[in-house]
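Asks: Mind having a look at this structure? Questions to follow.
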């Protein structure tokens, strides 16, 4: 049975349908960004003559667009994992410690797969 609400500490409730809608909207926005970055990279590769722009500027722009593309793809993958957790009924539980993820964190970052404590520990290890 699919949950309809995420219950947080102090009985805070958050409708999963609203989170799902936000995840899908964010996913669509990111897909558009990736498509735009890909189009820009293709345009740069075919239309910008090295003489017309300083080589360094062109390379910096291409690197920036590639990084943007990579970050967007990673965010899309995180959203897809969150949507899969909604379907499986695991959404709202930390993937590391299995404790509930606070509602405030899910409101701010609907694709969050970890509670703040586990996310901080993981980022410190990097």
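Numbering (the working numbering), first residue to last: 217 to 342.
Beta carbons are placed, not taken as given, at the ideal position from N, Cα and C, and that holds for glycine.
In this text the structure is predicted, and so the values were computed from the model without any measurement.
Would the beta-carbon of residue 317 fall within 8 angstroms of that of residue 324?
Replies: no
Asks: Using a 10 Å radius around the Cβ and a threshold of 16 neighbouring Cβ atoms, would you call residue 333 buried or exposed?
Replies: When all chains shown are included, residue 333 counts as exposed.
Asks: Over what stretch of residues does the beta strand (DSSP E) that includes residue 230 continue unbroken?
Replies: 229 to 231
Asks: Closer than 8 angstroms by C-beta to residue 292: which residues in its own chain qualify, once you throw out the five before and the five after it? Chain order, please.
Replies: 243, 246, 247, 250
Asks: Looking at residue 222 and residue 319, is the spacing between their C-beta atoms short of 8 angstroms?
Replies: yes
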